[in-house]
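So the structure is just underneath, and the comments pick up after that.
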RNA sequence: GGGCGGUUAGCUCAGUCGGGAGAGCGCCUGCCUUACAAGCAGGAGGUCGCGUGUUCGAGCCACGCACCGCCCACCA
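Here you go:
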């Protein structure tokens, strides 16, 4: 065995071996209690990023612990077709060739996507394996598998028949590049420098004017009213009268509505229902017409008269010129504000009125909210539970149709009269008029519509399968904050609607790992760090450890040091194993604690095991791995291993057997976090019954905790000795450990006795002062006062031990 | 504008119940000690973001402020 642990080769070897030996397998017929973890399926063309790496580390740690604890674990792998994300990637690829998707046509485009997937898809699952994630890879699913497509169609038909899916014309977020509607959740916002233009609208009766402010002069052509706040005294006299819209010279009413901000601009708002969400609502509530002057391509349309075909920028210029010519341009001022962009292509979103398919949320969210309220599903941490609840409560109806080409096509056919027939397979005739001329809807579904089914569609739903009976409902889902509204809440209401039960009881929202400088990790910002690089440099074990260690709060900075610490832990473990293995030739593991240090380490192993179980159970991975680090370095190596060395070399059979047994327990506790190095060491131990990955989790018996204090006395004595060179009085057994661990160190007294005496004297003085303070002894809780007395006694004892 | 998280050693972060300011890394000193120099032993280094309050006592509780990050939001 080398004196320095290198994960190279070791990790890949065990990963192959575990998978080939079928040790990741979940079995529907296994009688043991099931534990199911629904892991987010990555985008099929995606690469492993730091968020995935953290997510896998956390989930796999739980999975491995549960597996050792005897559960029938299902850790489900798979891919998401990632509708618009994949579509966008291919469309960009085409653009590089000077082509658009319309040049290819739908069929050829979709074939192109499949080619793309064959070339670039699926690679991320190799990276999942490389980090040691023990998913049951035989069960890989894809949201475009035939069976999955059937599940999606079944879901759609189900909702349609219940009346939850309907078609309506509304203002939507329109991406002019992709030429599709998007949901609010598919946008991002960016501050841009714009101009706010103040425009005079003359009153129709010639009696003056009203000035409005706008950032989009071109939309003036579609104005149908001017709105003011009913309480705005400046304009009350105008309400009910008419103004003339510039350029088109149309007479429109002045209306009053409380949604107008008095403070903004002039307090008067031009109302353009065709091109602005707020105006759309105002128009609808006031019965105003909806005019449209911008088309799906983002250009001015034929209703824009002489401006037809212009870009909005050019149209803005033409309108501004008209205003100047007519002396209706009051002023322009610089204005910085947020605009909505398509999160995929960064094109500015155009609010447009469009006929789309919607899913009613009212009935679906009610039981889901109830489940959250009753904690049948609990988000961790608590603050995320509140966020999830609030955002579901306020979720508007869901626009589920998209006009892109990659995705699940709606299971819906239309006849020439426009009747829609919804069916799981192609119908012969229109359900309403019997027409046989049916054309399938060209729309595809929002990609999250299929994601919502993941926890049960992967198990064979809507068939009644053994997998579903065994593994649904599941237990856990780990993910990041960004997709609570997109995915988590939708899985919950879909599971309740279709399966009658929530898909999992707990959702862990893990930390976001930012770049070392605190900015978001992002490829486009150049701040991204590749987790695979960390794995190559430090190993998967160290990377897993490091990610869990650093992820303690909502947002954390990437810390290379945390991963290096993991590497040190692996190396320390490797070396203490060498010590024990070299010194225990021929021995077999057995817990025969004959001496104080042995009872003590067994007590520490038990105590730490309980801590780790509690912390992992509460999803506090950062503190769990910190505990394991302390146990390994401080307790196991610095004290226990040092203390038993003389007895090991002297051939003490109890010490040897117990050392092997204690090492086994240590390896078991560390395996969920650092599976590879622990399995490698395990394979060198005598008498092993199975691979460590499926070895039984220790039964923690608290038999020796009483000995912990004796060892603590030794540790106190050691500290004093180090500070002052003067040992405390100890019993025989304690003295033996003291000699073994502390004596060999080349300590120098250095006259530190005086410094130590001064330190202790100060402590004694502080404690005496507190205890003589009546308001302390009188008002502080009795146990606090008692603890202070004990401290005082202890300091006095130590002072006595120093002599005078 | 709203919500959440954060601000503690040079860096990354712990700090449970209000009662001794901590770890890892980095730095300095001494050691290649038959498991480990990715090691061991020792050391320096802090106005706990700022202010007010509660308390015998505040890193911790309350209120206010500042700054950083993330998410949400229809001020055109």
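In our numbering, the protein residues as written are 23 to 826. We put the beta carbon where it would ideally sit given N, CA and C, even for glycine. Remember, predicted model here, so these are calculated numbers, not experimental data.
By the criterion of at least three beta-carbon pairs nearer than 8 Å, the stretch 570 to 585 is not in contact with the stretch 657 to 676.
CA-to-CA, the gap between residue 535 and residue 577 works out to about 6 Å.
If you draw a 10 Å sphere on the C-beta of residue 496, you find 16 or more other C-beta atoms in it, and that means buried.
Annotation for residue 814: 786, 789, 790, 793 place their beta carbon closer than 7 Å to its own, counting only its chain and skipping 5 residues before and after. For the 8 Å CB-CB criterion, residue 80 and residue 158 do not form a contact. According to the DSSP assignment, residue 698 belongs to no beta strand (DSSP E) but to the alpha helix (DSSP H) extending over 697 to 704. By the 16-neighbour rule on beta-carbons within 10 angstroms, residue 347 is exposed.
Annotation for residue 222: 231, 233, 350, 352 place their beta carbon closer than 7 Å to its own, counting only its chain and skipping 5 residues before and after. In the structure shown, residue 657 falls within a helical segment according to DSSP collapsed to helix, strand and coil.
In the structure shown, residue 443 falls within a strand segment according to DSSP collapsed to helix, strand and coil. Secondary structure note for residue 500: its beta strand (DSSP E) is the uninterrupted segment 498 to 501. Put simply, the backbone Cα of residue 441 is about 17 Å away from that of residue 431. When secondary structure is reduced to three states using DSSP, residue 187 falls in the strand class.
Taking all protein chains in view, the Cβ of residue 517 is crowded by 16 or more other Cβ atoms within 10 Å, so the residue is classified as buried.
Just measuring C-alpha positions, the residue of 42, 33, 27, 46 sitting nearest residue 716 is 46.
A distance below 7 Å between beta-carbons, with the five flanking residues on each side excluded, links residue 357 to the following residues of its chain, in chain order: 216, 217, 218, 237.
Residue 434 and residue 189 have their alpha carbons spaced roughly 12 Å apart. A Cβ-Cβ separation of about 7 Å places residue 276 in contact with residue 262 under the 8 Å criterion. Contact between residue 763 and residue 664 holds, since their C-beta atoms are separated by about 4 Å, short of 8 Å. For residue 292, the enclosing beta strand (DSSP E) starts and ends at 290 to 293. Counting only unbroken stretches of 3 or more residues, the beta strand (DSSP E) elements lying wholly within the stretch 189 to 239 are 202 to 204, 209 to 224, 231 to 236, in sequence order. A direct Cα-Cα distance of roughly 24 Å separates residue 753 from residue 724. In this structure residue 44 is exposed. Its beta-carbon is surrounded by fewer than 16 other beta-carbon atoms within 10 angstroms.
Measuring C-alpha to C-alpha distances from residue 359 to each of 315, 456, 212, 52 identifies 212 as the nearest. Segment contact: the stretch 72 to 92 against the stretch 160 to 168, fewer than three CB-CB distances shorter than 8 Å; contact not assigned. Of the candidates 654, 646, 38, 378, the residue whose Cα lies closest to the Cα of residue 592 is 654. Between the stretch 245 to 262 and the stretch 315 to 330, the count of C-beta pairs closer than 8 Å stays below three; the two stretches do not touch.
Between the stretch 372 to 390 and the stretch 130 to 138, the count of C-beta pairs closer than 8 Å stays below three; the two stretches do not touch.
When 31, 422, 507, 602 are compared, the shortest CA-CA separation from residue 377 is found for 422. Judged by DSSP secondary structure, residue 125 falls within the alpha helix (DSSP H) whose first and last residues are 123 to 126.
Our two residues, residue 510 and residue 529, have alpha carbons roughly 8 Å apart in a direct line.
Taking residue 471 as reference, the option from 492, 703, 484, 105 with the minimal CA-CA separation is 105.
In this structure, residue 186 sits near residue 386, with a CB-CB distance shorter than 8 Å.
Between residue 648 and residue 425 a beta carbon distance of about 51 Å is seen, past the 8 Å cut, so the two are scored as non-contacting.
Residue 527 carries a coil assignment under DSSP once its states are collapsed to helix, strand and coil. By a beta-carbon distance limit of 8 Å, residue 176 does not contact residue 486. Their separation comes to about 13 Å.
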